[in-house]
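Residue numbers (my numbering): 112 to 367.
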Amino acid sequence: MRTILFAVTAACGVGMFGTPGPAVAQVEFYQEGNRLYQEGDFEGALASYLRLVEAGFESGEVYYNIGNTYFKLSDVAQAILYYERARRLLPGDEDVQANLDLARSLTVDEIAPLPRFWLFSAADWWVGLLPRTLLIAVVLASYLVGTGVVLLLILKRGAPAAVWGRRIASASAVVFLLFGLNLAVREFEVGQAQEAVVLQPQVDVLSAPLDDETLTIFTVHEGTKVRIDRLSEEWAEVALEDGRVGWVPVGVLETI
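(1) Determine the closest residue to residue 211 out of 334, 233, 162, with distance taken between C-alpha atoms.
(2) To the nearest angstrom, how far is it from the Cα of residue 272 to the Cα of residue 290?
(3) Would DSSP call residue 173 helix, strand or coil?
(4) Tell me whether the region 279-298 and the region 235-255 touch, counting them as touching only if at least three CB pairs, one residue from each stretch, are closer than 8 Å.
(5) With distances taken from CA atoms, which of 236, 355, 190 is nearest residue 223?
(6) List, from N- to C-terminal side, the alpha helix (DSSP H) runs of 4 residues or more that fit wholly inside the region 212-296.
(7) Please report the distance separating the alpha-carbon of residue 320 from that of residue 342.
(8) Please return the same chain residues whose Cβ sits closer than 8 Å to the Cβ of residue 330, not counting the five positions on each side in sequence.
(9) By Cβ distance below 6 Å, which residues in the same chain neighbour residue 107 in space, the five residues on each side in sequence not counted?
(10) By how many angstroms is the C-alpha of residue 238 removed from the C-alpha of residue 295?
(11) Please return the same chain residues whose Cβ sits closer than 6 Å to the Cβ of residue 135, not counting the five positions on each side in sequence.
(12) Secondary structure at residue 326, three-state DSSP: helix, strand or coil?
(13) Give the range of the beta strand (DSSP E) segment to which residue 313 is assigned.
(14) Quick check on DSSP: helix, strand or coil for residue 206?
(15) With DSSP run on the structure shown, which of helix, strand or coil describes residue 366?
(16) Between which two residues does the beta strand (DSSP E) holding residue 361 run?
(17) May I ask you to report which of helix, strand or coil DSSP gives residue 157?
(18) Closest to residue 207 by C-alpha separation, out of 229, 195, 217, 322, would be which residue?
(19) First and last residue of the alpha helix (DSSP H) that includes residue 166?
(20) Using only alpha-carbon positions, find the residue among 204, 244, 221 that is nearest to residue 353.
(21) My output table needs one value for residue 347: the three-state DSSP class, helix, strand or coil.
(22) In whole angstroms, what separates the C-alpha of residue 351 from that of residue 327?
(23) Rounded to a whole number of angstroms, what is the C-alpha to C-alpha distance between residue 306 and residue 198?
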């Protein structure tokens, strides 16, 4: 269970919006969920965690704990869905990845991903270099340090430390631009494919968006992750990691 990082995230929300009441309630729901989980009341723990999500609170720690709770309740598909959501907010987290791999090993479909172009893998590594909370702190700190040093240089021209001040300001600007771009890419999901998890036990994938079993080209099962390429009111064209493509009803999926 994750508590400390969640409390820090909630505290950041208080600092930004000046509304401590909701943040205190969020921490209480989270701690209640942890307590119920440790007592073995997984359904009660899930209800507490989901109250946070329903209130619009987004946290990798919350998603991770929801995934763990669904796993304890033997709902592997929902566990995978929330581990995937946690991984987007906690990239590089070994616990999240390990639990996701374990849940995936229990699914029916065995899909071998196509090899990726190295530049795409490098971009994913860069975007996920730091956890979101730490990334925000680095961007904010570099901005404050750089701005403060520039103001001091303006107010105290010709000071002996001016050379070092300019170096610090330049370094802060580089850090701000580098990690600020990283944060912007992550927050606005630039280049991020829309993905979903299959939640139905078995789904026929069709060659066209028509309710006709004769158009079935392959079958997927609950817990399989897909990329959504096209979307209509009732149908979604999905692609698997091995390159297979087809159409499924929208209702069998939940987006990550």
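Here a beta-carbon is modelled for each residue, glycine too, at the ideal position from N, C-alpha and C.
A quick look at the data gives this:
(1) The residue you call residue 211 lines up with position 100 of the sequence shown. The shortest Cα separation from residue 211 among 334, 233, 162 belongs to 334.
(2) Here residue 272 corresponds to residue number 161 of the sequence shown, with the count starting at 1. Here residue 290 corresponds to residue number 179 of the sequence shown, with the count starting at 1. Taking the straight line from one Cα to the other gives about 27 Å.
(3) Position 62 of the sequence shown holds residue 173. In the three-state reduction of the DSSP assignment, residue 173 falls in the helix class, which pools H, G and I.
(4) yes
(5) Taking the sequence shown and counting its residues from 1, one reaches residue 223 at position 112. Comparing Cα positions, the closest option is 355.
(6) 229-238, 243-266
(7) Taking the first residue of the sequence shown as 1, we reach residue 320 at position 209. Taking the first residue of the sequence shown as 1, we reach residue 342 at position 231. Going from the Cα of residue 320 to the Cα of residue 342 covers about 10 Å.
(8) As a working mapping, residue 330 is identified with position 219 in the sequence shown. So the qualifying residues of the chain are 313, 314, 315, 316.
(9) Nothing can be reported for residue 107, as the shown portion of the chain is limited to 112 through 367.
(10) The residue labelled residue 295 in the question sits at position 184 within the sequence shown. The residue labelled residue 238 in the question sits at position 127 within the sequence shown. Here the C-alpha atom of residue 295 lies approximately 10 Å from the C-alpha atom of residue 238.
(11) Your numbering for residue 135 matches position 24 in the sequence shown. Nothing listed; no residue qualifies.
(12) Along the sequence shown, one-based indexing puts residue 326 at 215. Looking at residue 326 - three-state DSSP - the assignment turns out to be helix.
(13) Sequence index remark: in the sequence shown, residue 313 carries index 202 (1-based). Counting along the chain, the beta strand (DSSP E) containing residue 313 begins and ends at 313-317.
(14) Looking up residue 206 in the sequence shown gives position 95. It is helical.
(15) If you number the sequence shown from 1, residue 366 lands on position 255. Correct three-state label for residue 366: strand.
(16) Position 250 of the sequence shown, counted from the start, is the residue given in the question as residue 361. Neither: residue 361 is in no beta strand (DSSP E) and is coded neither H nor E.
(17) In the sequence shown, residue 157 corresponds to position 46, counting from 1. Helix at residue 157.
(18) For the purposes of this step, residue 207 is taken as residue 96 along the sequence shown, with counting starting at 1. Of 229, 195, 217, 322, the residue nearest in Cα terms is 195.
(19) Stepping through the sequence shown from its first residue, residue 166 is reached at position 55. That residue, residue 166, is in no alpha helix (DSSP H); it is neither H nor E in DSSP.
(20) For the purposes of this step, residue 353 is taken as residue 242 along the sequence shown, with counting starting at 1. Taking only the C-alpha atoms, the option nearest residue 353 is 221.
(21) Taking the first residue of the sequence shown as 1, we reach residue 347 at position 236. DSSP places residue 347 in strand when its eight states are reduced to three.
(22) Numbered from 1 along the sequence shown, position 240 holds the residue referred to as residue 351. Numbered from 1 along the sequence shown, position 216 holds the residue referred to as residue 327. So the alpha carbons of these two residues sit roughly 15 Å apart.
(23) Position 195 of the sequence shown, counting from 1, holds the residue named residue 306. Position 87 of the sequence shown, counting from 1, holds the residue named residue 198. Approximately 13 Å between the Cα atoms of the pair.
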